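Take the sequence shown: its letter number 21 is residue 20 in numbering that gives the first Met the number 0, and every next letter is one higher. Below is one structure, written out as C-alpha coordinates; the observations come after it.
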Amino acid sequence: MDGVAFQGGTGTDFNLTIGSGQFIAGFEDGLIGKSIGETVVLDLNFPEDYPPNPDFAGDPVEFTVKINYVQGEAIPNELNDAFVERYTDGEYKTVDDYRVYMKKTMAENKVEEARVGKVNSAWEKVEANANFKKDAESLIQYNYDSQMYQAESMTAMYGITMETYLSSMGTTEEQFQRELKEYAEQNARWQLLVRAVVEAEGLEPTDEEYESGVERLAGEIGSTAEELKANYSETMLRDILRQEAVQDFLEETAIEVPAEE
0 MDGVAFQGGT
10 GTDFNLTIGS
20 GQFIAGFEDG
30 LIGKSIGETV
40 VLDLNFPEDY
50 PPNPDFAGDP
60 VEFTVKINYV
70 QGEAIPNELN
80 DAFVERYTDG
90 EYKTVDDYRV
100 YMKKTMAENK
110 VEEARVGKVN
120 SAWEKVEANA
130 NFKKDAESLI
140 QYNYDSQMYQ
150 AESMTAMYGI
160 TMETYLSSMG
170 TTEEQFQREL
180 KEYAEQNARW
190 QLLVRAVVEA
200 EGLEPTDEEY
210 ESGVERLAGE
220 IGSTAEELKA
230 NYSETMLRDI
240 LRQEAVQDFL
250 EETAIEVPAE
260 E
(Lines of atoms letter the chains of each structure in order from A and count residues from 1; the text may use other names and numbers.)
(Lines give C-alpha, C1' and ligand atoms only; values in the text may rest on other atoms or scores of the structure.)
Protein backbone atom coordinates (compact mmCIF):
# COMPACT_ATOMS: atom_id res chain seq x y z
CA MET A 1 0.00 0.00 0.00
CA ASP A 2 1.60 3.25 -1.18
CA GLY A 3 4.70 1.20 -1.99
CA VAL A 4 5.06 -0.16 1.55
CA ALA A 5 4.39 -3.73 2.73
CA PHE A 6 1.62 -3.77 5.35
CA GLN A 7 1.09 -6.09 8.31
CA GLY A 8 -0.90 -9.18 7.37
CA GLY A 9 -0.42 -8.65 3.65
CA THR A 10 2.45 -11.06 3.08
CA GLY A 11 2.44 -14.87 2.99
CA THR A 12 4.31 -17.80 1.46
CA ASP A 13 3.36 -21.33 0.36
CA PHE A 14 -0.35 -20.52 0.52
CA ASN A 15 -2.79 -22.94 -1.13
CA LEU A 16 -5.50 -20.90 -2.84
CA THR A 17 -8.55 -22.62 -4.28
CA ILE A 18 -9.98 -20.67 -7.20
CA GLY A 19 -13.59 -19.83 -6.41
CA SER A 20 -13.14 -19.88 -2.64
CA GLY A 21 -13.31 -16.10 -2.28
CA GLN A 22 -10.60 -16.07 0.40
CA PHE A 23 -9.10 -12.81 -0.86
CA ILE A 24 -10.52 -9.51 -2.07
CA ALA A 25 -12.35 -9.23 -5.40
CA GLY A 26 -10.06 -9.47 -8.41
CA PHE A 27 -7.31 -11.43 -6.70
CA GLU A 28 -8.34 -14.85 -8.03
CA ASP A 29 -9.39 -13.50 -11.45
CA GLY A 30 -5.91 -12.06 -11.94
CA LEU A 31 -4.29 -15.47 -11.49
CA ILE A 32 -6.51 -17.52 -13.80
CA GLY A 33 -4.67 -18.63 -16.94
CA LYS A 34 -1.22 -17.86 -15.56
CA SER A 35 1.60 -20.41 -15.54
CA ILE A 36 3.76 -22.08 -12.92
CA GLY A 37 6.80 -19.93 -12.11
CA GLU A 38 5.12 -16.76 -13.34
CA THR A 39 5.04 -13.64 -11.16
CA VAL A 40 1.82 -11.64 -11.39
CA VAL A 41 1.24 -8.07 -10.18
CA LEU A 42 -2.36 -7.38 -9.15
CA ASP A 43 -3.50 -3.75 -8.90
CA LEU A 44 -6.65 -3.91 -6.81
CA ASN A 45 -8.76 -2.00 -4.31
CA PHE A 46 -10.04 -3.16 -0.95
CA PRO A 47 -13.87 -3.27 -0.82
CA GLU A 48 -15.67 -0.19 0.44
CA ASP A 49 -17.02 -2.38 3.24
CA TYR A 50 -14.09 -4.38 4.68
CA PRO A 51 -14.87 -5.69 8.24
CA PRO A 52 -11.47 -7.42 8.77
CA ASN A 53 -9.82 -3.98 8.76
CA PRO A 54 -12.07 -0.94 8.22
CA ASP A 55 -8.98 1.29 7.88
CA PHE A 56 -8.22 -0.41 4.55
CA ALA A 57 -11.75 0.02 3.13
CA GLY A 58 -11.63 1.36 -0.44
CA ASP A 59 -7.85 1.81 -0.47
CA PRO A 60 -5.74 0.81 -3.51
CA VAL A 61 -3.36 -2.08 -2.98
CA GLU A 62 -0.79 -3.93 -5.08
CA PHE A 63 -0.12 -7.64 -4.59
CA THR A 64 2.88 -9.37 -6.17
CA VAL A 65 2.17 -13.08 -6.47
CA LYS A 66 4.48 -15.88 -7.59
CA ILE A 67 2.76 -19.08 -8.74
CA ASN A 68 4.68 -22.08 -7.43
CA TYR A 69 2.27 -24.88 -8.21
CA VAL A 70 -1.03 -25.51 -9.96
CA GLN A 71 -3.25 -28.41 -8.97
CA GLY A 72 -6.33 -29.58 -10.80
CA GLU A 73 -5.25 -31.38 -13.94
CA ALA A 74 -7.61 -34.03 -15.29
CA ILE A 75 -7.37 -37.40 -13.54
CA PRO A 76 -6.55 -40.19 -16.03
CA ASN A 77 -9.13 -42.90 -16.68
CA GLU A 78 -6.66 -45.52 -15.52
CA LEU A 79 -3.93 -45.60 -12.91
CA ASN A 80 -0.64 -45.78 -14.76
CA ASP A 81 3.05 -45.45 -14.00
CA ALA A 82 3.34 -41.98 -15.55
CA PHE A 83 0.55 -40.59 -13.36
CA VAL A 84 1.95 -42.24 -10.21
CA GLU A 85 5.39 -40.75 -10.79
CA ARG A 86 3.96 -37.27 -11.43
CA TYR A 87 1.46 -37.47 -8.55
CA THR A 88 4.13 -38.52 -6.04
CA ASP A 89 6.77 -36.12 -7.39
CA GLY A 90 8.92 -39.07 -8.44
CA GLU A 91 8.90 -40.81 -5.06
CA TYR A 92 7.19 -43.83 -6.64
CA LYS A 93 7.87 -44.88 -10.22
CA THR A 94 5.29 -47.62 -10.78
CA VAL A 95 1.71 -48.48 -9.89
CA ASP A 96 2.88 -51.61 -8.06
CA ASP A 97 5.29 -49.63 -5.87
CA TYR A 98 2.56 -47.14 -5.04
CA ARG A 99 0.08 -49.90 -4.17
CA VAL A 100 2.59 -51.45 -1.75
CA TYR A 101 3.02 -48.04 -0.11
CA MET A 102 -0.75 -47.45 0.12
CA LYS A 103 -1.39 -50.92 1.57
CA LYS A 104 1.27 -50.36 4.24
CA THR A 105 -0.07 -46.86 5.01
CA MET A 106 -3.67 -48.08 5.32
CA ALA A 107 -2.60 -50.91 7.66
CA GLU A 108 -0.66 -48.45 9.84
CA ASN A 109 -3.66 -46.09 9.93
CA LYS A 110 -5.93 -48.94 11.05
CA VAL A 111 -3.55 -49.79 13.88
CA GLU A 112 -3.36 -46.13 14.95
CA GLU A 113 -7.15 -45.73 14.80
CA ALA A 114 -7.57 -48.80 17.03
CA ARG A 115 -4.97 -47.46 19.48
CA VAL A 116 -6.59 -44.02 19.67
CA GLY A 117 -10.04 -45.57 20.06
CA LYS A 118 -8.86 -47.77 22.93
CA VAL A 119 -7.15 -44.88 24.73
CA ASN A 120 -10.11 -42.52 24.27
CA SER A 121 -12.57 -45.14 25.51
CA ALA A 122 -10.45 -45.80 28.59
CA TRP A 123 -10.06 -42.08 29.26
CA GLU A 124 -13.84 -41.59 29.10
CA LYS A 125 -14.22 -44.26 31.80
CA VAL A 126 -11.58 -42.57 33.94
CA GLU A 127 -13.24 -39.17 33.56
CA ALA A 128 -16.74 -40.54 34.24
CA ASN A 129 -15.57 -42.05 37.53
CA ALA A 130 -13.54 -39.07 38.72
CA ASN A 131 -14.47 -36.79 41.62
CA PHE A 132 -13.11 -33.26 41.39
CA LYS A 133 -12.59 -31.98 44.90
CA LYS A 134 -9.73 -29.54 44.38
CA ASP A 135 -10.52 -25.85 43.99
CA ALA A 136 -9.51 -25.14 40.38
CA GLU A 137 -10.43 -21.46 40.11
CA SER A 138 -6.83 -20.32 39.71
CA LEU A 139 -6.23 -22.95 37.01
CA ILE A 140 -9.44 -22.00 35.22
CA GLN A 141 -8.42 -18.34 35.27
CA TYR A 142 -4.96 -19.23 33.96
CA ASN A 143 -6.47 -21.13 31.02
CA TYR A 144 -8.91 -18.31 30.33
CA ASP A 145 -6.19 -15.65 30.39
CA SER A 146 -3.93 -17.75 28.13
CA GLN A 147 -6.63 -18.16 25.47
CA MET A 148 -7.59 -14.49 25.67
CA TYR A 149 -3.93 -13.50 25.26
CA GLN A 150 -3.64 -15.67 22.13
CA ALA A 151 -6.77 -14.12 20.63
CA GLU A 152 -5.58 -10.58 21.38
CA SER A 153 -2.12 -11.35 19.95
CA MET A 154 -3.67 -12.68 16.75
CA THR A 155 -5.87 -9.62 16.22
CA ALA A 156 -2.93 -7.31 16.92
CA MET A 157 -0.82 -9.20 14.36
CA TYR A 158 -3.46 -8.62 11.69
CA GLY A 159 -3.97 -5.01 12.74
CA ILE A 160 -7.65 -5.35 13.67
CA THR A 161 -9.62 -4.83 16.86
CA MET A 162 -11.12 -7.64 18.89
CA GLU A 163 -14.58 -6.22 18.15
CA THR A 164 -13.94 -6.38 14.40
CA TYR A 165 -12.61 -9.93 14.66
CA LEU A 166 -15.61 -11.14 16.66
CA SER A 167 -17.98 -9.42 14.25
CA SER A 168 -16.36 -11.19 11.27
CA MET A 169 -16.79 -14.51 13.16
CA GLY A 170 -20.47 -13.79 13.70
CA THR A 171 -20.26 -13.70 17.48
CA THR A 172 -20.41 -11.18 20.30
CA GLU A 173 -17.91 -10.38 23.02
CA GLU A 174 -20.29 -11.81 25.64
CA GLN A 175 -20.70 -15.08 23.72
CA PHE A 176 -16.96 -15.30 23.07
CA GLN A 177 -16.14 -14.83 26.75
CA ARG A 178 -18.74 -17.41 27.74
CA GLU A 179 -17.33 -20.00 25.34
CA LEU A 180 -13.82 -19.19 26.51
CA LYS A 181 -14.85 -19.74 30.14
CA GLU A 182 -16.42 -23.10 29.27
CA TYR A 183 -13.23 -24.16 27.49
CA ALA A 184 -11.11 -23.00 30.44
CA GLU A 185 -13.22 -25.02 32.88
CA GLN A 186 -13.11 -28.17 30.75
CA ASN A 187 -9.37 -27.82 30.21
CA ALA A 188 -8.80 -27.33 33.93
CA ARG A 189 -10.70 -30.56 34.68
CA TRP A 190 -8.60 -32.35 32.09
CA GLN A 191 -5.35 -31.00 33.59
CA LEU A 192 -6.34 -31.94 37.15
CA LEU A 193 -7.35 -35.43 36.08
CA VAL A 194 -4.16 -36.00 34.09
CA ARG A 195 -2.07 -34.82 37.04
CA ALA A 196 -4.02 -37.06 39.43
CA VAL A 197 -3.39 -40.15 37.28
CA VAL A 198 0.26 -39.19 36.90
CA GLU A 199 0.62 -38.87 40.69
CA ALA A 200 -1.30 -42.08 41.44
CA GLU A 201 0.66 -44.18 38.94
CA GLY A 202 4.09 -42.55 39.36
CA LEU A 203 4.23 -41.25 35.78
CA GLU A 204 5.76 -37.82 36.43
CA PRO A 205 8.56 -37.20 33.88
CA THR A 206 12.01 -36.86 35.41
CA ASP A 207 14.05 -33.75 34.64
CA GLU A 208 15.96 -35.75 32.02
CA GLU A 209 12.72 -37.04 30.47
CA TYR A 210 11.35 -33.49 30.49
CA GLU A 211 14.35 -32.12 28.59
CA SER A 212 14.33 -34.91 26.02
CA GLY A 213 10.54 -34.59 25.69
CA VAL A 214 10.78 -30.88 24.95
CA GLU A 215 13.50 -31.59 22.36
CA ARG A 216 11.19 -34.11 20.68
CA LEU A 217 8.16 -31.79 20.74
CA ALA A 218 10.23 -28.99 19.25
CA GLY A 219 11.48 -31.26 16.48
CA GLU A 220 7.93 -32.29 15.62
CA ILE A 221 6.93 -28.69 14.89
CA GLY A 222 10.22 -27.63 13.30
CA SER A 223 11.32 -25.51 16.24
CA THR A 224 14.04 -25.65 18.90
CA ALA A 225 13.77 -26.51 22.59
CA GLU A 226 14.87 -22.97 23.49
CA GLU A 227 12.12 -21.42 21.34
CA LEU A 228 9.52 -23.77 22.79
CA LYS A 229 10.52 -22.90 26.35
CA ALA A 230 10.42 -19.19 25.50
CA ASN A 231 6.87 -19.42 24.14
CA TYR A 232 5.35 -21.87 26.63
CA SER A 233 5.58 -22.21 30.38
CA GLU A 234 7.21 -25.27 31.96
CA THR A 235 3.83 -26.14 33.48
CA MET A 236 2.21 -26.23 30.04
CA LEU A 237 5.01 -28.30 28.52
CA ARG A 238 4.97 -30.72 31.45
CA ASP A 239 1.20 -31.10 31.08
CA ILE A 240 1.70 -32.13 27.43
CA LEU A 241 4.28 -34.74 28.45
CA ARG A 242 2.05 -35.90 31.31
CA GLN A 243 -0.82 -36.39 28.88
CA GLU A 244 1.40 -38.51 26.65
CA ALA A 245 2.50 -40.57 29.64
CA VAL A 246 -1.12 -41.17 30.65
CA GLN A 247 -2.06 -42.16 27.10
CA ASP A 248 0.80 -44.68 27.00
CA PHE A 249 -0.24 -46.00 30.42
CA LEU A 250 -3.86 -46.46 29.33
CA GLU A 251 -2.81 -48.17 26.12
CA GLU A 252 -0.67 -50.65 28.06
CA THR A 253 -3.03 -51.36 30.94
CA ALA A 254 -6.61 -50.85 29.71
CA ILE A 255 -8.56 -54.07 29.27
CA GLU A 256 -11.06 -54.09 26.44
CA VAL A 257 -14.36 -55.70 27.39
CA PRO A 258 -16.55 -57.01 24.54
CA ALA A 259 -19.86 -55.15 24.26
CA GLU A 260 -22.88 -57.10 25.52
CA GLU A 261 -25.21 -58.32 22.81
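Using N, Cα and C, we set each Cβ at its ideal position, and we do this for glycine too. Note that the structure is a prediction, hence the values are computed from the model and not measured.
Nearest to residue i by CA position, among the options, is which residue?
| i | options | result |
| --- | --- | --- |
| V64 | T104, I35, N44 and P51 | I35 |
| A129 | V213, V193 and G32 | V193 |
| F13 | E250, V69, D144 and T87 | V69 |
| E136 | T234, L191 and A24 | L191 |
| R98 | D80, V115, Q242 and R114 | D80 |
| N44 | N119, E61 and P50 | E61 |
| M0 | D54, G25 and E37 | D54 |
| L78 | E90, D95, D88 and M147 | D95 |
| N67 | M161, L15 and S211 | L15 |
| A195 | Q242, E37 and L236 | Q242 |
| G25 | Y86, F175, D42 and T11 | D42 |
| E123 | N230, W189, R237 and A113 | W189 |
| S145 | E111, Q176, G116 and A127 | Q176 |
For residue i, which residues in the same chain have their Cβ closer than 7 Å to its Cβ, ignoring the five residues on either side in sequence?
| i | result |
| --- | --- |
| I139 | A183, E184 and A187 |
| T223 | A217 |
| E200 | F248 |
| I17 | E27 and I31 |
| Y323 | With the chain running from 0 to 260 in the structure shown, residue 323 is simply not present. |
| S167 | P50 and P51 |
| S211 | none |
In terms of DSSP beta bridges, what is residue i paired with?
| i | result |
| --- | --- |
| K65 | T38 |
| P59 | N44 |
Since I believe residue j is in contact with residue i (beta carbons under 8 Å), could you give me their beta-carbon distance rounded to a whole number of angstroms?
| i | j | result |
| --- | --- | --- |
| L263 | P204 | Outside the shown range of the chain (0 to 260) lies residue 263, about which nothing can therefore be said. |
| V245 | V197 | 6 Å |
| M156 | Q6 | 7 Å |
| T154 | Y164 | 5 Å |
| E255 | V118 | That pair is no contact at about 11 Å. |
| I23 | P59 | The Cβ separation is near 11 Å, so there is no contact. |
| K33 | V39 | 5 Å |
| E173 | M161 | Not confirmed; about 13 Å, so no contact. |
With a threshold of 6 Å on Cβ separation, who are the neighbours of residue i within its own chain once the five nearest residues in sequence on each side are excluded?
| i | result |
| --- | --- |
| E84 | K92 |
| E214 | A224 |
| A121 | L249 and A253 |
| E233 | none |
Excluding sequence positions up to five away, which residues of its chain have a Cβ less than 8 Å from the Cβ of residue i?
| i | result |
| --- | --- |
| D48 | A56 |
| G158 | F5, Q6, G7, N52 and D54 |
| T171 | L165 |
| V115 | none |
| R237 | P204 and Y209 |
- prompt: What are the start and end residues of each continuous alpha helix (DSSP H) run of 4 or more residues lying completely inside the stretch 141–167, in chain order?
  reply: 161–167
task: Identify every run of the alpha helix (DSSP H) within the stretch 189–223, keeping only runs that are complete inside it and at least 4 residues long; order them along the chain.
output: 206–219
- prompt: In chain order, which alpha helix (DSSP H) runs of at least 4 residues are fully inside the stretch 218–256?
  reply: 224–230 and 233–252
- prompt: Curious, which full-length alpha helix (DSSP H) runs of at least 4 residues does the stretch 71–95 contain?
  reply: 80–86
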